[in-house]
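Worksheet: one structure, shown below.
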Amino acid sequence: MAVALLSLVGLFLAFYLVAHNLGWAPPILCGTGDCGIVQSSKYAWVGPIPVSAIGLAGYLALFVLSLLGLQESMAGSRLIALLLFGGALAGVFYSGYLTYLEAAVIKAWCRYCVASAILITVVFLATIPEVKRIRGMSAG
Numbered sequence: 000m001a002v003a004l005l006s007l008v009g010l011f012l013a014f015y016l017v018a019h020n021l022g023w024a025p026p027i028l029c030g031t032g033d034c035g036i037v038q039s040s041k042y043a044w045v046g047p048i049p050v051s052a053i054g055l056a057g058y059l060a061l062f063v064l065s066l067l068g069l070q071e072s073m074a075g076s077r078l079i080a081l082l083l084f085g086g087a088l089a090g091v092f093y094s095g096y097l098t099y100l101e102a103a104v105i106k107a108w109c110r111y112c113v114a115s116a117i118l119i120t121v122v123f124l125a126t127i128p129e130v131k132r133i134r135g136m137s138a139g
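Under numbering that gives the first Met the number 0, think of the first position of the sequence shown as 0, with each following residue one higher.
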């Protein structure tokens, strides 16, 4: 349940950034930080795709998988648990790379990007107990 709720928060956060990148929303309200610098850098896009859309797709996949895992017929599914774990781990690595770019290359911080990096790390940590439980079942 925690992964579903956290992924839903990530969906909203990523959607806000996608809406901004595609011009559907007004400029990002950042307060402190340099969101505009980060969002307008060459690292904010992978070809024609905004990085925030990659985050949106990732959070959507985690959300759908976590909802599937809550279904009675799928509860305790090893595959679902491993997909959630692997997907969240990939998100942690990608967010780590993007955070490195903010710090070392762009030299500016976007609070929404940092929030997403923290959020995906918490999602990843929330997947660990289920993976441990499944590993314990298969070992015995």
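Quick reminder that beta carbons are idealized off the backbone N, C-alpha and C, glycines included.
Computed from a predicted model, the values in this text were never measured in an experiment.
(message) Suppose you measure from the CA of S115 to the CA of S72; what does that come to, to the nearest Å?
(response) In this structure, the CA atom of S115 is about 31 Å from the CA atom of S72.
(request) Can you grab the Cα-Cα spacing for the pair L66 / A18, in whole Å? (result) Answer to the nearest angstrom: the Cα atoms are 25 Å apart.
(request) Decide if V104 is buried, meaning its Cβ has at least 16 other Cβ atoms within 10 Å, or exposed. (result) V104 should be labelled exposed.
(request) Between the Cα of V8 and those of R132, I127, L118 and P128, spot the shortest distance and give me the residue it belongs to. (result) Distance check between V8 and each of R132, I127, L118 and P128 places L118 closest, using alpha-carbon atoms only.
(request) Counting only the same chain and skipping the five closest in sequence on each side, list residues whose C-beta sits under 8 Å from that of V37. (result) Listed in chain order, the non-local C-beta contacts of V37 below 8 Å within the same chain comprise A43, E101, I105, A107, W108, C109 and C112, local neighbours out to five positions each way being set aside.
(message) Out of V121, I133, S76 and P47, which one is the CA nearest neighbour of S94?
(response) Ranking the options by Cα distance to S94, first place goes to V121.
(request) Check whether the Cβ atoms of V91 and F62 sit closer than 8 Å, and answer yes or no. (result) Not closer than 8 Å, so no.
(request) Would you kindly report the start and end of the unbroken alpha helix (DSSP H) that includes L97? (result) If you look at L97, you'll find it in the alpha helix (DSSP H) that goes R77 to Y99.
(message) Assuming G86 and L64 are in contact, meaning their beta carbons sit under 8 Å apart, how far apart are those beta carbons, in whole angstroms?
(response) The Cβ separation is near 7 Å, so the contact holds.
(request) In angstroms with no decimal places, state the Cα-to-Cα distance between A1 and T31. (result) In this structure, the CA atom of A1 is about 29 Å from the CA atom of T31.
(request) Tell me whether the beta-carbon of L16 lies closer than 8 Å to the beta-carbon of S39. (result) Judged by their CB atoms, L16 and S39 are not nearer to each other than the 8 Å cut-off.
(request) Compute the Euclidean distance between the alpha carbons of L12 and R132, then round it to the nearest angstrom. (result) If I take the Cα positions, the gap works out to 30 Å.
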